[in-house]
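In our numbering, the protein residues as written are 286 to 596.
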């Protein structure tokens, strides 16, 4: 490998192939993604290996596993490809009626269940040929996912500020308590004393640590009894329906998650920090027509489906 690579002699399509193999984990799926033959992908990989003097991928079973050199290259390569793609896209107008673009939106399971059905219906009505991909996202890798184009946007709660990531409030939210019909301790209202006496199920992707409701209780010197901790709200709602446990959750998700189970929803007996929902995107996409259209549709969709205030 020469000490200095003359980029004018490098075919940039090779890096598109690198990204495809890295993402798909194999030559067959990479060829399907790029609509190229497997020999063409293999030939491009051979040229890449010669260019960087490294195998880049080694076969382990049915998968092509990246080498350390591939891991080191993929971030800069993706950022460069995204910048080129963004520059080209900004030169073109986005036409929802004819676009075949794939929009990738990062969202957690509970956000997906409450948001995606209405959002997909809205997007498909205006852009019948686009593909909508909902994907789980790593909050600690938000910038990388948006910068490389792995995700076009993310819907999540308020996260720590990240450089070059733009954000906007989508919808406000408050907490409610789900309780099964016929609960022996909870009637039509729920006071703080009863809330503290009854056992709870809580949801969190973390193995330990308090929720928003716990922080509100701690400020007043209270602590509730959490009997079960699980990862998903749907599982927690099922536990509520089959036990005397209470579940505190955001109001925006509570209706759809509990309706089929017959659980009742009551106001949380304390004022809690807002469980607001935010939209995140990379600053480079601020003016990109397709991303701008996507953000507008997400904002309008959530505004149309904001839960009504309880009496």
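Cβ coordinates follow ideal geometry from the N, Cα and C atoms, glycine included.
The structure displayed is predicted, hence computed values, not measured ones.
Going by beta carbons, residue 565 and residue 438 fall inside the 8 angstroms limit. Only residues of its own chain outside the window of five on either side were considered, and among them 307 have a CB closer than 6 angstroms to the CB of residue 359, listed in chain order. In this model, residue 493 and residue 324 are separated by some 49 angstroms (Cα to Cα). Assigned with DSSP and collapsed to three states, residue 297 falls in coil, not helix or strand. By a beta-carbon distance limit of 8 angstroms, residue 456 does not contact residue 416. Their separation comes to about 25 angstroms.
In the assembly as shown, residue 347 is an exposed residue. Its beta-carbon has fewer than 16 other beta-carbons within 10 Å.
Residue nearest to residue 365 within the set 469, 453, 304 is 304 (criterion: CA-CA distance).
Residue pairing of residue 345 in beta bridges, as defined by DSSP: 348. If you draw a straight line from the Cα of residue 309 to the Cα of residue 553, it comes to about 45 angstroms. Bounds of the beta strand (DSSP E) holding residue 389 are 387 to 392. Excluding residues up to 5 positions away in sequence, 574 lie with their Cβ nearer than 7 angstroms to the Cβ of residue 378 in the same chain. Distance between residue 432 and residue 333, taken at the CA atoms: about 23 angstroms.
Taking every protein chain shown into account, the CB of residue 422 has 16 or more other CB atoms within 10 angstroms, so this residue is buried. Excluding sequence positions up to five before and after residue 340, its CB lies within less than 7 angstroms of the CB of 334, 352, all in the same chain and listed in chain order. Annotation: residue 549 is outside any alpha helix (DSSP H); the continuous beta strand (DSSP E) that includes it extends over 549 to 552. A distance below 7 angstroms between beta-carbons, with the five flanking residues on each side excluded, links residue 535 to the following residues of its chain, in chain order: 458, 460, 560. The segment 483 to 512 contains, as complete alpha helix (DSSP H) runs of 4+ residues, the segments 497 to 504 (chain order). If you compare the alpha carbons of 300, 587, 539, 568 with that of residue 395, the shortest gap goes to 539. Judged by pairs of C-beta atoms under 8 angstroms, the segment 512 to 525 touches the segment 481 to 488, as three or more such pairs exist.
Residue 447 carries a coil assignment under DSSP once its states are collapsed to helix, strand and coil.
Beta bridge pairing from DSSP links residue 578 with no other residue. The residue among 410, 399, 481 with its C-alpha nearest the C-alpha of residue 562 is 399. Looking at 576, 465, 294, 544, the one whose alpha-carbon comes closest to that of residue 434 is 576. Taken through DSSP and simplified to helix, strand or coil, residue 474 comes out as coil.
Distances from the alpha-carbon of residue 471 to those of 331, 424, 589, 529 put 529 closest. The residue from 527, 481, 446 with its alpha-carbon nearest to that of residue 506 is 481.
Counting along the chain, the unbroken beta strand (DSSP E) around residue 419 starts and ends at 416 to 420.
Residue pairing by DSSP places residue 330 in no beta bridge whatsoever. The C-alpha of residue 371 lies about 7 angstroms from the C-alpha of residue 570.
By a beta-carbon distance limit of 8 angstroms, residue 391 does not contact residue 354. Their separation comes to about 28 angstroms. Nearest C-alpha to residue 580 among 544, 408, 328: 408.
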